[in-house]
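Single-structure report; data block below.
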Ligand SMILES: [Zn+2]
Ligand SMILES: [Zn+2]
Ligand SMILES: [Zn+2]
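Numbering (our numbering), first residue to last: 44 to 314.
Laid out in structure tokens, this is it:
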């Protein structure tokens, strides 16, 4: 990794059932376009100092193999829905590569769910198994050279966080994969973003996720430099999205494997 580069990789961009949906013969589910192949939502960040995973969904093994992901320095959890935690056991392979336990950051409700679902792991000291070092999410914290600000959001009916990442390159990216509403104090934490990644499940309204219209409304309020829609269902066809959904030029659909790179600018660079 270059000394001044950060890479954000979309490991998965699909909703909870993934796309294609089992048994569905709609035009999106039968499409072979890579933009219509969506594993469960997850993000990986590689900074000059570290490697951070957001969520461990049921597709984590495939995602890590596909992206050649070998080591992580920490895992962050957005919330405890199964499409974000069901791949917990795959963290074993990352723990094998580490001397110390794996820092695991989660809110109190998600931590309690992980402890209930994986009680053996939480007190594990064996190098052979998932060996977490649990940290409850409260205020902003750092992982190596990455500043992480938790963004509390409303995603009925579980405690849910997005994250704002401030990179050592001077850039910022916020990731909110599951959200119905962003409370005002959280809106204040999302100002002046280079990249905003946000839930936009489908065109139709949904009780626990933003639809495309709601996401675009938040984007026009926040005015990030660039935005990507994620946690997408099979109602969204990658091939026709820009036209059909009326996406502004600064907004695109995320897709699995998409990488965003951020480079530190030389201090003499003229903007
Ligand atoms: Zn989800
Ligand atoms: Zn379908
Ligand atoms: Zn969820």
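Virtual Cβ for every residue (Gly too), placed ideally from N, Cα, C.
Only a predicted model underlies this, so the values are computations on that prediction, with no experimental measurement involved.
- The C-beta distance from residue 270 to residue 239 rounds to 5 Å, short enough to fall under 8 Å.
- Comparing alpha-carbon positions, the option among 50, 160 and 267 lying closest to residue 110 turns out to be 50.
- Each of 305, 208 and 272 was checked against the Cα of residue 292, and the nearest Cα belongs to 272.
- At least one heavy atom of ligand 1 lies closer than 7 Å to the C-beta of residue 84.
- When C-beta atoms of the stretch 184–194 are compared with those of the stretch 203–223, three or more pairs fall below 8 Å, so the two segments count as touching.
- For residue 198, the shortest C-beta to heavy atom distance toward ligand 3 is below 7 Å.
- Nearest to residue 279 by C-alpha distance, out of 254, 302 and 209, is 254.
- Shown here, residue 162 sits in a helix according to DSSP, grouped into three states.
- In the DSSP annotation of this structure, the continuous segment of the beta strand (DSSP E) that includes residue 89 starts and ends at 85–89.
- When C-alpha distances from residue 225 are compared across 118, 261, 77 and 298, the shortest belongs to 261.
- In the three-state scheme derived from DSSP, where H, G and I count as helix and E and B as strand, residue 213 is classed as coil.
- Residue pairing of residue 296 in beta bridges, as defined by DSSP: 272.
- Looking at the DSSP output, residue 96 shares a beta bridge with 87 and 118.
- By the criterion of a C-beta distance shorter than 7 Å, residue 69 is surrounded in its chain by 277, once the five residues flanking it on both sides are discounted.
- Residues of the same chain with a CB within less than 8 Å of the CB of residue 127, apart from the 5 flanking positions on each side, are 83, 84, 85, 98, 99, 100, 120, 121, 220 and 221 in chain order.
- Annotation: the continuous beta strand (DSSP E) that includes residue 191 extends over 189–198.
- In chain order, the residues positioned with their C-beta nearer than 5 Å to some heavy atom of ligand 3 are 124 and 221.
- Taking 8 Å as the cut-off, the beta carbon of residue 173 is found no closer than this to the beta carbon of residue 183.
- Relative to ligand 2, residue 71 has its C-beta within less than 7 Å of a heavy atom.
- The criterion of a C-beta distance shorter than 8 Å is not satisfied by residue 267 and residue 290.
- By the CB criterion at 8 Å, residue 212 and residue 47 fall inside the cutoff.
- Separation of residue 92 and residue 118 (C-alpha to C-alpha, rounded to the nearest whole angstrom) is 15 Å.
- In terms of side-chain proximity, the C-beta atom of residue 146 is found no nearer than 7 Å to any non-hydrogen atom of ligand 2.
- Counting along the chain, the unbroken beta strand (DSSP E) around residue 178 starts and ends at 175–179.
- Checking the 7 Å criterion, the Cβ of residue 235 is out of range of every heavy atom belonging to ligand 1.
- Remark: the C-beta of residue 64 is in contact range of ligand 2, defined as less than 7 Å to any heavy atom.
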